[in-house]
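**Q**
Number of protein chains: 2
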Amino acid sequence: MEVKEARQYVIDRLEYAFKPRSVAVIGASRNETKVGFKVIQGLRRSGYEGIIYPVNLKAETVAGLEAFKNINDIPDEVDLAFVALPAVAVFDALKDCVKKGVKIAVVSSSGFGEVGNKDLQTEIAMYCRENELPLIGPNLVGIGTPYHDFNCGFVPYLPNKGPVALISQSGSNLLAALGSSQLEHFGISMFVGLGNKADVDFCEMIKYADQEPHTKSIAVYIEALDSPEAFKKACLECEKPITVIKVGASKIGVKAAFAHTASENRGHSNEEYDKLFEESGVMRENTWMEFLDTSLALGNCPPLRGDNVVMITNGGGAGLLACDHFERLGYPLKELKDISPELRTNIRKYMPPFGSPLNPIDISGTATSDMYGGALRTAYRDENVDGIMISVCPTAVTDVEAITDTVIAIHKQYKNLGKPFIMECQGGHECREAIMKLRDHGIPAYSTMEQAVNAMVALRRYSRIMYHKEELLDQAAKEAENNK
Amino acid sequence: MEVKEARQYVIDRLEYAFKPRSVAVIGASRNETKVGFKVIQGLRRSGYEGIIYPVNLKAETVAGLEAFKNINDIPDEVDLAFVALPAVAVFDALKDCVKKGVKIAVVSSSGFGEVGNKDLQTEIAMYCRENELPLIGPNLVGIGTPYHDFNCGFVPYLPNKGPVALISQSGSNLLAALGSSQLEHFGISMFVGLGNKADVDFCEMIKYADQEPHTKSIAVYIEALDSPEAFKKACLECEKPITVIKVGASKIGVKAAFAHTASENRGHSNEEYDKLFEESGVMRENTWMEFLDTSLALGNCPPLRGDNVVMITNGGGAGLLACDHFERLGYPLKELKDISPELRTNIRKYMPPFGSPLNPIDISGTATSDMYGGALRTAYRDENVDGIMISVCPTAVTDVEAITDTVIAIHKQYKNLGKPFIMECQGGHECREAIMKLRDHGIPAYSTMEQAVNAMVALRRYSRIMYHKEELLDQAAKEAENNK
């Protein structure tokens with residue numbers, strides 16, 4: 369349901385949605401296949417240290433915990449109420465929540481707007497707003513943060529710790545990303561599946577993520593915006609980079625999005641969304657992989673302040689893939705002689721005579737970790753260099769592990785210079801391990817060149833957005849004035 | 369060096385490059401860091417069962433094998449001579465090979481065209497042509513096939529067995545792909561790094577791959593074509609699908625490609641290559657990932673004969689990503705009612721009432737392996753369905769392993785119907801394992817939706833090429849006539 373702008377009481381209460389001291393599960397179940405059981409199981413598996421109160425009309429205990437017939441029977445304060453009841457029973461439960469004075473409610477139940485039951489959804493949302501009880505959902509898959517060991521819902525994974533806040537309207541895509549987080553060491557600070565977003569909207573989640581200390585970038589999956597103006601304002605006021613993916617752009621997707629999360633895209637063209645995102649200062653990505661890849665880079669790296677990117681590689685072919693992809697994206701690599709003639713001379717120390725100091729800088733298939741280290745240090749130290757990419761190709765003489773360790777040590781030493789540094793390493797198991805280790809040390813690393821290039825270009829795009837932030841804010845203020 | 373068209377003696381001899389009974393390593397070395405040692409080590413590690421003859425002027429034995437001062441001292445026939453000598457010594461070695469009557473020579477040595485030493489390269493190529501000794505390389509990283517346990521060069525990986533022939537001008541990208549083959553269960557039938565391609569050219573490799581029985585699709589990485597007409601003819605005559613990636617398209621890439629494999633791209637625009645590839649009936653991909661992903665699909669699946677693709681998913685968000693990406697590529701999904709009203713009715717049996725039989729067919733987050741199996745079988749059996757995609761999202765109740773096994777069994781039963789079937793499964797470790805298992809069973813499976821959609825669309829693009837093959841052949845014949 370529409371909001372004019374992000375509500376402060378909602379933003380304040382979101383702290384209890386991600387870091388509650390206690391959770392009441394209304395609709396707690398002893399049946400292991402039910403959400404009312406899964407949520408308790410998930411909380412325990414994630415190592416949640418707060419108090420869990422099962423609420424169940426009949427059972428004395430659920431999952432070994434004392435159960436309560438009504439949330440109002442719980443003798444202590446409840447921060448978060450998780451509602452896992454059939455749709456028809458949700459309204460009464462929310463009334464109980466208001467009576468109890470819970471800080472925030474999360475409703476996982478489906479059977480609302482997405483199946484045409486919009487009236488009931490609006491009714492409960494209105495009620496919650498009147499009573500200032502923020503409601504997340506309904507039709508929500510889960511919410512949590514690895515920094516609070518908190519996984520609340522039916523998400524089988526608690527993600528790896530890291531810088532990206534993931535705000536997803538879709539549950540399935542959230543699940544996929546959280547699975548990838550574990551598998552690919554993609555670090556996440558907090559996550560939520562917004563579902564039908566009857567009450568709490570994107571704008572409030574963005575505002576909360578902006579103040580959440582572990583979050584360095586915000587990734588938002590959107591099926592439709594109910595409140596584009598509130599979204600824009602929240603984004604423009606946000607000091608962290610925001611990446612969005614907006615689906616339901618296709619003809620058939622409009623129908624599918626409605627069936628999925630009751631998302632209303634009729635009358636809003638893809639181009640209008642493009643314009644909105646541009647005016648909001650957020651970066652739109654088209655594919656899921658680009659969406660995640662660029663969020664990771666934005667969460668780990670400073671913006672790329674200029675076009676002087678140098679690329680160091682031991683593989684000529686890898687370098688060529690990079691050249692082409694940079695140019696395809698409209699950010700062509702510059703020759704090293706045009707970036708820094710001095711660097712062109714100095715970097716020769718770290719390559720054999722048949723290496724090529726063009727850019728990509730081909731330090732040859734025989735490159736050792738010392739050569740990589742020397743070249744990287746030289747590039748970091750050169751004032752004309754804005755960003756650095758390293759590509760490692762596993763030839764028979766390449767010690768991928770030693771190169772990885774060298775690079776991590778040098779990155780640690782120089783990261784405060786504010787130059788983005790991105791790695792690419794495609795190959796077998798040793799490359800996969802390298803990528804995981806690099807990511808664990810805050811270096812965005814990818815297994816294909818186009819991913820690495822996309823990531824570096826995203827850092828440049830974000831830098832340009834930052835430079836234009838004032839203009840975007842002025843423009844938004846004028847529009848707001850005109851609309852009055 | 370240019371060839372007018374693929375030479376039959378070269379194609380015939382290529383059998384000895386991939387499946388030799390014996391290999392002489394000229395420049396075999398006792399120094400473990402040298403190519404002359406690595407190649408023998410690689411052959412042994414791969415389990416090569418042919419005979420290895422080290423050739424070394426001074427050593428009595430190399431790597432425990434009897435060494436010969438000259439290839440002509442070897443008492444038996446030699447199929448393949450692998451030359452790992454400094455550039456200056458290569459010509460003499462090739463003369464010895466001619467004298468010995470070896471079937472084919474592979475030269476790994478660098479120091480030729482790529483460093484400006486084009487004259488020597490031309491000289492040896494001319495010599496080899498005069499004497500009908502096919503030469504692969506120089507500046508080559510390796511050649512081999514897992515079906516002959518043959519890994520000859522300095523490639524640290526023998527790839528997994530499978531349908532894709534990988535012909536790469538770049539060594540580093542070949543290495544990356546072979547590493548991925550092991551890591552991602554990407555099946556390869558044969559591989560070669562062509563390097564400077566002084567003599568043997570793409571056209572001959574393509575012709576050989578076309579007749580190689582394990583090969584079902586051909587993936588070609590190109591930095592520049594010396595013989596575009598011969599390439600076109602070979603491609604048009606090839607009965608297997610061909611995917612190409614052509615780099616060096618960017619401004620800086622032209623220079624980098626020359627420094628890498630002496631590739632001459634000046635005067636040949638990217639658009640001219642686009643035209644050539646279209647006229648050749650091959651599919652050009654832009655990114656490395658698309659190049660590999662589509663090759664895998666083309667190697668495992670029949671072409672997609674019509675636009676009636678149905679997608680079955682347990683995740684609405686995943687379905688939406690698919691809708692958008694299909695439409696973005698110009699191949700929009702059709703609604704199920706327009707594909708088969710009967711299927712729309714029948715498939716309802718395999719979803720809960722809140723599922724959505726639109727297309728994507730959302731069988732809901734609670735979908736079991738039986739529901740997936742029933743839906744898949746129903747879609748296979750429907751005559752109006754041309755291709756099927758399945759997406760599995762790991763909700764808390766999803767048994768990814770059971771779904772995988774069900775799907776593999778049904779695919780086995782129905783694969784002879786000639787309908788492409790592609791899977792997507794993004795999430796944690798269970799999804800990764802599912803992808804590997806599916807690939808091992810000949811089902812192209814991917815971890816993101818855009819990859820799966822790209823793959824399905826590639827099968828449609830290939831189908832259209834097949835329908836136009838006659839026209840392309842006629843056109844090429846007319847051009848050839850005009851050029852006379």
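If you read the protein sequences in the order shown, they are chains A and B. For the first sequence, our numbering gives the first residue as 369, with consecutive numbering after it. For the second sequence, our numbering gives the first residue as 369, with consecutive numbering after it. Virtual Cβ for every residue (Gly too), placed ideally from N, Cα, C.
Measure from the C-beta of A:R800 to each C-beta in chain B and report whether the shortest distance is under 8 Å.
**A** Locating residue 800 of chain A in the first sequence gives position 432, counting from the first residue. Yes, because at least one Cβ of chain B sits closer than 8 Å to the Cβ of A:R800.
**Q** If you compare alpha carbons, which of A:V423, A:T772, A:R716 and A:G687 is closest to A:G432?
**A** Counting from one through the first sequence, the residue named residue 432 of chain A turns up at place 64. Minimum Cα distance to A:G432 is reached at A:V423.
**Q** On a Cα-Cα basis, can you pick out the residue from B:N485, B:E640, B:L604 and B:D444 that is closest to B:A617?
**A** Here the question's residue 617 of chain B lines up with position 249 in the second sequence. The candidate whose alpha carbon is nearest that of B:A617 is B:E640.
**Q** Where does B:E445 land, buried or exposed, given buried means 16+ other C-beta within 10 angstroms?
**A** For the purposes of this step, residue 445 of chain B is taken as the residue at position 77 of the second sequence. Its Cβ having fewer than 16 others within 10 Å, B:E445 is exposed.
**Q** Terminal residues of the continuous beta strand (DSSP E) containing A:T774?
**A** Numbered from 1 along the first sequence, position 406 holds the residue referred to as residue 774 of chain A. Careful: A:T774 lies outside any beta strand (DSSP E), inside the alpha helix (DSSP H) at V768 to Y782.
**Q** List the residues of chain A whose Cβ lies closer than 8 Å to the Cβ of B:S548, in chain order.
**A** In the second sequence, the residue the question calls residue 548 of chain B occupies position 180. Under the 8 Å cutoff, chain A gives Q794, G795, G796 and S815.
**Q** Under 7 Å between beta-carbons, which chain B residues line up against A:K406? List them in chain order, please.
**A** Position 38 of the first sequence, counted from the first residue, corresponds to residue 406 of chain A. Neighbours of A:K406 on chain B, chain order: A764.
**Q** By DSSP, does A:S390 sit in helix, in strand, or in coil?
**A** Looking up residue 390 of chain A in the first sequence gives position 22. A:S390 falls in the strand class under three-state DSSP.
**Q** Please report whether the beta-carbon of A:G684 lies at a distance below 8 Å from any beta-carbon of chain B.
**A** Here residue 684 of chain A refers to the residue found at position 316 when the first sequence is read from its first residue. So yes, A:G684 belongs to the interface.
**Q** Does the distance from the CB of A:I620 to the CB of B:N727 come in under 8 Å?
**A** Taking the first residue of the first sequence as position 1, residue 620 of chain A is located at position 252. Taking the first residue of the second sequence as position 1, residue 727 of chain B is located at position 359. Yes, Cβ-Cβ distance for A:I620 and B:N727 is below 8 Å.
**Q** According to the neighbour-count rule (16 or more other Cβ atoms, all chains shown, within 10 Å of its Cβ), is A:V316 buried or exposed?
**A** There is simply no residue 316 of chain A to check, as chain A begins at 369 and stops at 852 in what is shown.
**Q** I need the DSSP call for B:I811, collapsed to helix, strand or coil.
**A** Taking the second sequence and counting its residues from 1, one reaches residue 811 of chain B at position 443. Coil, per DSSP.
**Q** Near B:M804, which residues of its chain fall below 6 Å by C-beta distance, leaving aside the five closest residues on each side in sequence?
**A** Position 436 of the second sequence, counted from the start, is the residue given in the question as residue 804 of chain B. Closer than 6 Å at the Cβ level, and outside the excluded window around B:M804, lie H553.
**Q** With distances taken Cα to Cα, identify the nearest neighbour of B:R696 among A:A826, A:E653, A:V391 and A:V458.
**A** For the purposes of this step, residue 696 of chain B is identified with residue 328 of the second sequence, where counting begins at 1. Out of A:A826, A:E653, A:V391 and A:V458, A:E653 has the C-alpha closest to the C-alpha of B:R696.
**Q** So, at 6 Å on beta carbons, what are the nonlocal neighbours of B:V403 in its own chain, with the 5 sequence-adjacent residues on each side left out?
**A** Along the second sequence, one-based indexing puts residue 403 of chain B at 35. The answer, listed in chain order, is A452, S476 and F522.
**Q** B:M657: which of A:M817, A:A826 and A:A845 sits nearest, CA to CA?
**A** Position 289 of the second sequence, counted from the first residue, corresponds to residue 657 of chain B. Of the listed residues, the one whose Cα sits closest to B:M657 is A:M817.
**Q** Opposite B:N519 in the DSSP bridges: which residues?
**A** For this step, residue 519 of chain B is matched to residue 151 along the second sequence. In the DSSP output, where bridge partners are listed per residue, B:N519 has B:G512.
**Q** Going straight from the alpha carbon of A:V678 to that of B:H809, what length do you get?
**A** Position 310 of the first sequence, counting from 1, holds the residue named residue 678 of chain A. Position 441 of the second sequence, counting from 1, holds the residue named residue 809 of chain B. Near 42 Å, if we compare the C-alpha coordinates of B:H809 and A:V678.
**Q** Just curious, the beta strand (DSSP E) that B:I758 is in, first and last residue?
**A** Counting from one through the second sequence, the residue named residue 758 of chain B turns up at place 390. Looking at the DSSP string, the run of the beta strand (DSSP E) that includes B:I758 is G755 to V760.
**Q** Please decide whether A:E695 counts as near chain B, where near means a Cβ-Cβ distance under 8 Å.
**A** One-based indexing of the first sequence puts residue 695 of chain A at position 327. Output row for A:E695: interface = yes.
**Q** Among the residues of its own chain, which have a CB less than 6 Å from the CB of B:L425, if the five just before and after it don't count?
**A** For the purposes of this step, residue 425 of chain B is identified with residue 57 of the second sequence, where counting begins at 1. Closer than 6 Å at Cβ, skipping near neighbours: K437.
**Q** Please name the residue in A:F599, A:F405 and A:L711 whose C-alpha comes closest to that of A:P725.
**A** Translated into positions along the first sequence, residue 725 of chain A becomes position 357. Selected option, being the one with the closest Cα: A:L711.
**Q** Whole alpha helix (DSSP H) runs in the stretch 559–601 of chain B with 4 or more residues, listed along the chain?
**A** For the stretch 559–601 of chain B, whole alpha helix (DSSP H) runs of length 4 or above, ordered along the chain, are 570–579.
**Q** In the DSSP assignment, find the unbroken beta strand (DSSP E) run with A:A533 in it and report its ends.
**A** Indexing the first sequence from 1 puts residue 533 of chain A at position 165. Its beta strand (DSSP E) spans residues K529 to S536.
**Q** I believe B:S637 touches A:F722 by the beta-carbon criterion, under 8 Å. Please report the beta-carbon distance rounded to the nearest angstrom.
**A** Taking the second sequence and counting its residues from 1, the one referred to as residue 637 of chain B is at position 269. Taking the first sequence and counting its residues from 1, the one referred to as residue 722 of chain A is at position 354. That pair is no contact at about 29 Å.
**Q** Kindly indicate if chain B contains any beta-carbon less than 8 Å away from that of A:I620.
**A** Here residue 620 of chain A is taken as the residue at index 252 of the first sequence, counted from 1. So, interface residue.
**Q** Provide the residue(s) that pair with A:E434 in DSSP beta bridges, ordered along the chain.
**A** As a first step, residue 434 of chain A must be located in the first sequence, where it is residue number 66. Beta-bridge pairing links A:E434 to A:T429.
**Q** Along the chain, where does the beta strand (DSSP E) that runs through A:E792 open and close?
**A** For the purposes of this step, residue 792 of chain A is taken as residue 424 along the first sequence, with counting starting at 1. It spans F789 to C793 - the beta strand (DSSP E) in which A:E792 sits, taken as one unbroken run.
**Q** If we count the other Cβ atoms within 10 Å of its Cβ and call it buried at 16 or more, is A:Q489 buried or exposed?
**A** Looking up residue 489 of chain A in the first sequence gives position 121. Looking at its Cβ environment, which holds 16 or more other Cβ atoms inside 10 Å, A:Q489 is buried.
**Q** What residues are listed by DSSP as bridge partners for A:A449?
**A** Walking along the first sequence from the start, residue 449 of chain A turns up at place 81. Partner(s): A:A392 and A:A473.
**Q** For a minimum of 3 consecutive residues, which ranges assigned as the beta strand (DSSP E) are wholly contained in the stretch 606–650 of chain A?
**A** The stretch 606–650 of chain A contains these whole beta strand (DSSP E) runs: 610–614.
**Q** Starting from A:T713, trace the alpha helix (DSSP H) both ways and give me its first and last residue.
**A** In the first sequence, residue 713 of chain A corresponds to position 345, counting from 1. Run containing A:T713: P709 to N714, per the alpha helix (DSSP H) assignment.
**Q** Beta-carbon of A:L594 versus every beta-carbon of chain B: anything under 8 Å?
**A** As a first step, residue 594 of chain A is located in the first sequence; it is residue number 226 there, counting from the start. At residue 594 of chain A the sequence reads Asp, which differs from the Leu that was named. No, no contact with chain B.
**Q** Tell me, which residues are paired with A:V423 by DSSP?
**A** Against the first sequence, residue 423 of chain A aligns to sequence position 55. The partner list for A:V423 (beta bridge, DSSP) reads A:I394 and A:F436.
**Q** With DSSP run on the structure shown, which of helix, strand or coil describes A:I492?
**A** Along the first sequence, one-based indexing puts residue 492 of chain A at 124. A:I492 falls in the helix class under three-state DSSP.
**Q** Which residue's Cα is closest to the Cα of A:P762: A:D447, A:K846 and A:G684?
**A** In the first sequence, residue 762 of chain A corresponds to position 394, counting from 1. When each option's Cα is compared against that of A:P762, the closest is A:G684.
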